[in-house]
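Asks:
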Amino acid sequence: MLTTHGLPCACRIFTALQGGVGIYIDLVHRFWRTLEIGEGANIPEIVADSAQVTEQFRSLVDDVLARDISVIRDISRIVHDELHPEHAGYEEPIPNLVRRGRPQRQRNSTIRNLSFVEHVRNTGPRTNCDQGATSSGNTQSRTSLGTRRFMSIDLIPPRWKESIPDFMFQYIRGYTDAIPDGNCGFRCAAEFFLGDQERYGEIRSTVVGEIKKLPQQYTRVYLPETISNALYRIDWRGGRCGEEHWMVSDPDLWPIATHFNAVVVIFSIGGESSLIPNMTILPLENRYAATRPSKEIVMAFVNGNHYIILDMTPDFPLPSIPHYWRGLADYDVRD
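Quick note: the sequence shown uses the working numbering, first residue 50, plus one each step.
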């Protein structure tokens, strides 16, 4: 029909009408575009070709946004690669076969660039979080675990680095990444408190147990989410998960702070996560007869979809404590 009458076939017209995208003007012969049928006739409006393309793209965007988060990520990656070809083509460097390992007394020396797996598993050059801390007296760094190791801040991926405000870099000494499988928030807690991010299931169980132990207090913490919905979201044992089982900050951090008697600092950086306030979370109970929290973890929620651990200098500025903490915590903790 296109070759004989200068019109798209019926199947193509039907598909275009069903999709609400219209028909490209260059598919219709000039005879039909200029034909005057008469007064009062329902003459279709001819839309510019560029407007049709734009409208179709918008309809595709709406369709993508209605899909699962994993589909959005995949399509975003495809569009990004198409718009920024200069970022493509990165490959593992050719290994230097002449070198025979790292010098014995230079543990931070490296003979090649790190792969993504090494970044996540923390098997590359590392820095100790207690660097720069004084050993005299009882001076204690606010970074609680002095033996914990972090990746150098110089190795942080560009997609995160560009989201961090410039003034914060003077306080960040390193970071620890978590495997991005939907459990990254709980993996960060497992890495810090249990020494292995693969034990994230234990952190999930710990949070569930804490909520059941103090249901009245956590009912207020999790508003507007109900306790039953929170328990369903957190109590996950299936490995990789979707957004319905992600950690939610700040509610999920209160049980962690209480159970481990820890200060939990959360920074929200870049993208939609920048709408979430930065805060310092304190325990709700004192179960260890301690005069102060014994640990401190600093986490960052980056670009609205990933958690990492930050190693901060002892003098980094703490965000404010939520005002409702005094109404939730026991008296001996507030005192």
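Just so it is clear, CB atoms sit at the ideal spot from N, CA and C, and this is done for glycine as well.
Just so we're clear, the structure is a prediction, and the values are computed from it rather than from any experiment.
Do R236 and Y249 have their C-beta atoms within less than 7 angstroms of each other?
Replies: Result yes, Cβ atoms of R236 and Y249 sit closer than 7 angstroms.
Asks: Give the straight-line distance between the Cα atoms of R191 and T362, rounded to the nearest whole angstrom.
Replies: At R191 the pLDDT is 41, less than 50, meaning the model places this residue with poor confidence and gives no usable figure here.
Asks: At what residues does the beta strand (DSSP E) containing E345 begin and finish?
Replies: Start and end: K344 to V351.
Asks: State yes or no: is the C-beta of V314 within less than 7 angstroms of the C-beta of V347?
Replies: Cβ atoms of V314 and V347: closer than 7 angstroms.
Asks: Can you list, in chain order, the residues of its chain with a C-beta nearer than 8 angstroms to that of S317? Leave out the 5 residues immediately preceding and following it.
Replies: Closer than 8 angstroms at Cβ, skipping near neighbours: S298, S323, L324, I325, P326, N327, A349 and F350.
Asks: Quick check: what's the CA-CA separation for I370 versus E104?
Replies: Computed Cα separation, rounded: 47 angstroms.
Asks: Is the beta carbon of H308 closer than 7 angstroms to that of E259?
Replies: Yes, these two residues count as a Cβ contact at 7 angstroms.
Asks: Using CA coordinates, which residue listed in I305, Q101 and T64 is at the minimum distance from F242?
Replies: Among I305, Q101 and T64, the Cα nearest to that of F242 belongs to I305.
Asks: List the whole-angstrom C-beta distance separating D245 from A239, where the pair is believed to meet the contact cut-off of C-beta under 8 angstroms.
Replies: The Cβ separation is near 6 angstroms, so the contact holds.
Asks: Determine the direct distance from the alpha carbon of W303 to that of V256, and round the result to whole angstroms.
Replies: One C-alpha to the other measures close to 9 angstroms.
Asks: Starting from Y356, follow its DSSP beta bridges and name the residues at the other end.
Replies: In the DSSP output, where bridge partners are listed per residue, Y356 has F350.
Asks: Quick one: grab the DSSP three-state call for S99.
Replies: Here S99 sits in helix by DSSP.
Asks: On the DSSP bridge assignment, give the partners of Y224 in chain order.
Replies: DSSP lists M200 and L359 as partners of Y224.
Asks: Which residue's Cα is closest to the Cα of K262: L272, E274, L280 and E247?
Replies: Answer by Cα proximity: L280.
Asks: Hey, quick one: how far does the beta strand (DSSP E) through R125 stretch, first residue to last?
Replies: Note that residue 125 is Ser in the sequence shown here, rather than Arg. Element bounds for S125: not the beta strand (DSSP E) but the alpha helix (DSSP H), I118 to L132.
Asks: Would you kindly work out how many angstroms separate the C-alpha atoms of I221 and T64, rounded to a whole number?
Replies: Straight-line Cα distance between these residues: approximately 55 angstroms.
Asks: Does Y356 pass the burial test, meaning 16 or more other C-beta atoms within 10 Å, or should it be called exposed?
Replies: With 16 or more Cβ atoms within 10 Å of its Cβ, Y356 is classed as buried.
Asks: Would you give the residue range spanned by the alpha helix (DSSP H) that F218 belongs to?
Replies: Here F218 belongs to no alpha helix (DSSP H), and DSSP marks it neither H nor E.
Asks: Where do the N-terminal and C-terminal ends of the alpha helix (DSSP H) with V382 fall, by residue?
Replies: Looking at the DSSP string, the run of the alpha helix (DSSP H) that includes V382 is Y380 to R383.
Asks: If you follow the beta strand (DSSP E) that A311 is in, where does it begin and where does it stop?
Replies: Run containing A311: A311 to I318, per the beta strand (DSSP E) assignment.
Asks: For T275, which three-state DSSP category applies?
Replies: Coil.
Asks: So T329 is in the beta strand (DSSP E); what residue range does that whole segment cover?
Replies: From DSSP, the beta strand (DSSP E) with T329 extends over M328 to I330.
Asks: Y267: buried (16+ other C-beta within 10 angstroms of its C-beta) or exposed?
Replies: Buried, by the Cβ-count rule.
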